[in-house]
Amino acid sequence: MDHASTKGAGYRLAAVLFLCAWVALCWPWLSGAVTIPFDAKAHFQAQIQFLAQALHSGQSPFWTHNVFGGSPQIADPQSLIFSPAILLALINPSPSFRAVDAYVLA
Numbered sequence: 027m028d029h030a031s032t033k034g035a036g037y038r039l040a041a042v043l044f045l046c047a048w049v050a051l052c053w054p055w056l057s058g059a060v061t062i063p064f065d066a067k068a069h070f071q072a073q074i075q076f077l078a079q080a081l082h083s084g085q086s087p088f089w090t091h092n093v094f095g096g097s098p099q100i101a102d103p104q105s106l107i108f109s110p111a112i113l114l115a116l117i118n119p120s121p122s123f124r125a126v127d128a129y130v131l132a
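In terms of our numbering, the sequence shown opens at residue 27 and continues consecutively.
What follows is the structure, encoded as structure tokens:
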């Protein structure tokens with residue numbers, strides 16, 4: 027075996043070990059036994075639900091009438107509008123806690 031193939035095998039082994047460690051550490055969430063607590067439920071689940079419902083009903087996700095007299099979602103840095111989470115909202119009209127957990131873990 028030459029040096030290049032040995033080095034490539036080492037990288038593959040490291041990637042497999044890293045993946046196995048990630049799966050082992052994340053298994054409680056991946057199996058559905060538990061969900062990610064705190065902000066994932068209290069704040070971000072509501073935000074992603076609003077985004078998904080607004081997008082799938084044809085409304086603008088930039089403004090919500092659900093908070094007091096209305097609130098500009100586009101001005102809220104935690105609204106998830108400009109994050110990859112918007113892809114979850116585009117795919118699923120009602121993302122579950124498990125879907126949001128999968129997004130957080132990914």
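Heads up, the beta-carbon is just placed ideally off N, CA and C, and yes, glycines get one too.
- Within 10 angstroms of the beta-carbon of Ile62 lie 16 or more other beta-carbons, which makes it buried.
- When Pro98, Gln75, Trp89 are compared, the shortest CA-CA separation from Ala111 is found for Gln75.
- Here Ser57 carries a coil assignment [DSSP, helix/strand/coil].
- Taking 8 Å as the upper bound for CB-CB distance, Lys67 and Phe123 are in contact here, some 7 Å apart.
- Between the beta-carbon of Gln71 and that of Pro87 there is about 16 Å, and that puts the pair past the 8 Å contact cut.
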